[in-house]
Amino acid sequence: DGLGFDWLGKGQLSMEGSSGQHKETIYRTTSDTAKQISNTISMLKGLTRENMDASFETLKQAKTIDVQ
Numbered sequence: 673d674g675l676g677f678d679w680l681g682k683g684q685l686s687m688e689g690s691s692g693q694h695k696e697t698i699y700r701t702t703s704d705t706a707k708q709i710s711n712t713i714s715m716l717k718g719l720t721r722e723n724m725d726a727s728f729e730t731l732k733q734a735k736t737i738d739v740q
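Written as structure tokens, this is what we have:
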């Protein structure tokens, strides 16, 4: 699991390792996927709250990346 920020460019990265190297656990993968979607939405909401005066066009340039 990891979380990274590019402070100057305002980019954000969230990573989640879901299963073992050789065998996938479907329940864990599904649960972690839902968690990653929630985390990504929260990062975008936080960025929006920090920049309430920004235009929609400017906010569309935000970089939030999720890796699972």
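Counting from 673, one number per residue, gives the positions in the sequence shown under our numbering.
Cβ coordinates follow ideal geometry from the N, Cα and C atoms, glycine included.
Since this is a predicted model, take the numbers as computed values, not measurements.
- Cβ-Cβ separation between residue 727 and residue 708: approximately 28 Å, too far for a contact (criterion under 8 Å).
- C-alpha of residue 731 to C-alpha of residue 737: approximately 15 Å in a straight line.
- When the beta-carbon positions are compared, residue 688 and residue 733 stay at least 8 Å from each other.
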